[in-house]
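Below is one structure, written out as structure tokens, with a few remarks after it.
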Amino acid sequence: MGCEDFLEVDTPKDQIDRQMIFSDDRMAVAAVSNIYTQLRSGGFLAGNRVGAGYLFGCYTDELEVVNPQLSSHRSFYENAVLSTNTAVKDLWTAGYQQVFAVNSILEGLEGSSAVSADIKNQLKGEALAIRAVIHLYLVQTFGSVPYIKTTDYNLNRVVAKDPVNVVMKNVIDDLLNAENLLTVNYPSVEKVRINQTVVKAFLARACLYAGDWQNAEGYAAEVIAVNNNMEPVSSRFLKDSKSALWQLKPETDGKNTAEAIEYIFQTLPAPQSKIATTLLGVFETDDLRKKSWLKFVGDDGLNVCAYKYKIIGNSSPSQEYSVILRIEEMFLIVAECAAERSDWDTFNTIINKVRNSAGLSDLNLQNKQEAVNAVLQERRLEFFCEFGHRFYDLKRRNRLEALKVVKNNWQSHYDLLPLPESELLLNQNLLPQNTGY
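Going by the numbering used here, the sequence shown opens with residue 437, and the numbers climb by one from there.
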């Protein structure tokens, strides 16, 4: 899908529609709620096979694709992704469709005098945060990309790429603006909309990706100060999980998650994919995450599915929501940043909180390289099949070459996906293509 598919010229009818949508608080809230629905159903945060969790699980060393008919996903698994790959195009298209929807919200709020000031600030903060998060995934996946801030078709159809550092600055600027507009109170009864704490958590992640250890640790510590509840491993993905900072709820009450439907299999052969044997070998014997988050099917110990989410069918009411962001990430960010400044008391205290919660014994490390390795190990075990954490962690630490152990044809330029060929044909200002494609 090209620019003209997701960016429309404003017409008088569009203006009338926008005036109607932002004619009162209730309608404006409904418009923003629809953005969350879009996030759940497609793009990087989707829990099914089109999302970053599944795709980068295949791309790295978390999942083995066993169904030859999943051609786009086998290309990820075999590291043979081309610019014509459907899954690549879908990531890009869904991302920018969501950005367009967010920008439409922001422009509508700006032009509305009918929405109350408090609601306007809340919704603007949510929209800015979502725009930042989508661009954070886009830039970490594709490299230089446009940072889109308008719905103006004439501008967007010829937009050029922004350098990575410019995109990251815009991400952080949007998050900082969102932080100022939001409060620590969730705008809904559940944790299904963004509040100030969620924004700070994404600021911590963005700063971590940028190598800004001081601010990454600072924001993560602020989040922990508000919510330091690590749920037992067995209940981290339940609807009422205290570990969860932000969740996406199912489309209707009684349904559960796309993740459960996508990852769980109960008979052999596995229908689509299974946990990679290399990941199985990384868990320590007593790790509760292995016992609770993996399901062994059959007797050979080789057919294993991700079992973080356990309910495939309906329940009354819904018991599991998709957990987009959780507190364990903040603890591990603090630990990693403490290692960077050789603060071993903080490092060992914090990483052992995560390890102890998984039933593991304490570490007592005093060496930076060993400490960073330990953090990456914990992140690997804590966040497998969650939104591409493994890929982005190896990338930011310049360790993607480690995948050569299981990916014989791995090449250095696989740190970025190719830009979709269809987009380059529509807008030559997006050239050049990423190196190697």
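For every residue, glycine included, the Cβ atom is placed at its ideal position computed from N, Cα and C. Predicted model, so just to flag it, every value in this text is computed and none were measured.
What are the start and end residues of the alpha helix (DSSP H) that includes residue i?
i, result
"Gln382", "Limits of the chain in this structure are 437 at one end and 873 at the other, which puts residue 382 out of reach."
"Phe701", "Run containing Phe701: none; DSSP gives neither H nor E here."
"Ser624", "Note, Ser624: premise wrong, no alpha helix (DSSP H); not H, not E."
"Met666", "Taken as a continuous stretch (DSSP letters only), Met666 belongs to no alpha helix (DSSP H), as it is neither H nor E."
"Lys525", "522 to 546"
"Gln805", "804 to 818"
"Trp649", "649 to 662"
"Thr587", "From DSSP, Thr587 is part of no alpha helix (DSSP H); its letter is neither H nor E."
"Ile786", "780 to 793"
"Tyr757", "Taken as a continuous stretch (DSSP letters only), Tyr757 belongs to no alpha helix (DSSP H), as it is neither H nor E."
"Asp798", "Premise fails: Asp798 is in no alpha helix (DSSP H) and is neither H nor E."
"Ser519", "Run containing Ser519: none; DSSP gives neither H nor E here."
"Val551", "Segment: none, Val551 is in no alpha helix (DSSP H) and carries neither H nor E."
"Ser469", "461 to 477"
"Gly749", "Run containing Gly749: none; DSSP gives neither H nor E here."
"Cys643", "632 to 645"
"Gly489", "488 to 495"
"Lys831", "825 to 832"
"Arg485", "No alpha helix (DSSP H) contains Arg485, which DSSP labels as neither H nor E."
Alpha carbon to alpha carbon, how far is residue i from residue j?
i, j, result
"Leu891", "Leu684", "One cannot answer for residue 891 here, as it falls past the ends of the chain, which runs 437 to 873."
"Gly895", "Thr473", "Because residue 895 is not part of the residues shown, which for the chain are 437 to 873, the question remains open."
"Glu498", "Phe492", "8 angstroms"
"Ile711", "Ala467", "38 angstroms"
"Ala838", "Ser709", "22 angstroms"
"Glu440", "Ala596", "Below a pLDDT of 50, predicted positions are generally treated as unreliable, and Glu440, at 44, falls in that range; the measurement from the model is reported next regardless. Taking the straight line joining both Cα atoms gives about 15 angstroms."
"Pro504", "Glu514", "11 angstroms"
"Arg593", "Tyr583", "13 angstroms"
"Glu756", "Met766", "22 angstroms"
"Val445", "Ile457", "Confidence at Val445 is low in this model, with a pLDDT of 40, below 50, so the placement of that residue is unreliable and no value is reported for it."
"Thr633", "Gln813", "26 angstroms"
"Asp526", "Val607", "22 angstroms"
"Ser677", "Glu857", "41 angstroms"
"Ile541", "Glu698", "31 angstroms"
"Pro623", "Ile630", "8 angstroms"
"Asp461", "Leu545", "10 angstroms"
"Asn834", "Gln847", "13 angstroms"
"Ala482", "Glu695", "9 angstroms"
"Thr703", "Val759", "26 angstroms"
"Thr688", "Ser751", "11 angstroms"
"Ser793", "Arg816", "15 angstroms"
"Gly438", "Lys556", "Any answer about Gly438 is weak, because its pLDDT of 46 lies below 50 and its placement is not dependable; what the coordinates show is given next. About 31 angstroms."
"Ala563", "Phe673", "25 angstroms"
"Glu818", "Val811", "10 angstroms"
"Asn539", "Glu667", "36 angstroms"
"Phe823", "Val486", "11 angstroms"
"Asp722", "Val600", "41 angstroms"
"Ala568", "Val790", "28 angstroms"
"Lys843", "Thr714", "11 angstroms"
"Val669", "Lys727", "9 angstroms"
"His825", "Asp588", "33 angstroms"
Tell me which residues share the same chain as residue i and place their Cβ nearer than 6 angstroms to its Cβ, disregarding the 5 neighbours each side in the sequence.
i, result
"Trp780", "Gln802"
"Ser508", "Asn521, Thr522, Ala523"
"Phe442", "With a pLDDT of 44 at Phe442, under the threshold of 50, the predicted position of this residue should be treated as unreliable, though the coordinate-derived value follows. Result list for Phe442: Tyr532, Gln533, Phe536, in chain order."
"Leu730", "Val740, Tyr743"
"Ala652", "Ala640, Cys643, Leu644, Ile769, Cys773"
"Ile786", "Phe767, Val770, Ala771"
"Arg576", "Here residue 576 is Gln; the residue named in the question, Arg, does not match the sequence. Around Gln576: Tyr828."
"Ile570", "Gly531, Gln534, Val535"
"Leu830", "Leu836"
"Cys494", "Val501, His509, Phe512, Tyr513"
Starting from residue i, follow its DSSP beta bridges and name the residues at the other end.
i, result
"Ala742", "Leu730"
"Lys691", "Asp689"
"Lys710", "Glu500"
"Leu762", "Reading off the sequence shown, one finds Arg at residue 762, where the question assumed Leu. Looking at the DSSP assignment, Arg762 forms a beta bridge with Ala680."
"Asp453", "For Asp453, which the question treats as bridged, DSSP gives no partner whatsoever."
"Val581", "Asp598"
Ignore the nearest five residues each way along the sequence and tell me which others in residue i's own chain have a CB closer than 8 angstroms to its CB.
i, result
"Asn878", "Not covered by the structure: residue 878. The range shown for the chain is 437 to 873."
"Val635", "Gly561, Ala565, Leu611, Ala614, Glu615, Leu618"
"Trp528", "Leu574, Phe578, Leu855, Pro856, Glu859"
"Asn663", "Thr633, Lys678, Leu681, Ile763"
Give me, in chain order, the residues of the same chain whose beta-carbon lies closer than 7 angstroms to that of residue i; leave out the 5 immediate sequence neighbours on both sides.
i, result
"Leu855", "Ser519, Phe578, Leu866, Gln869, Asn870"
"Ser459", "Ala550"
"Glu720", "Leu796"
"Lys675", "Ser754, Gln755, Glu756, Tyr757"
"Gln864", "none"
"Gly734", "Leu704"
"Ser778", "Lys804"
Which whole runs of the beta strand (DSSP E) in the region 835 to 873 are 3 residues long or more, in chain order? none
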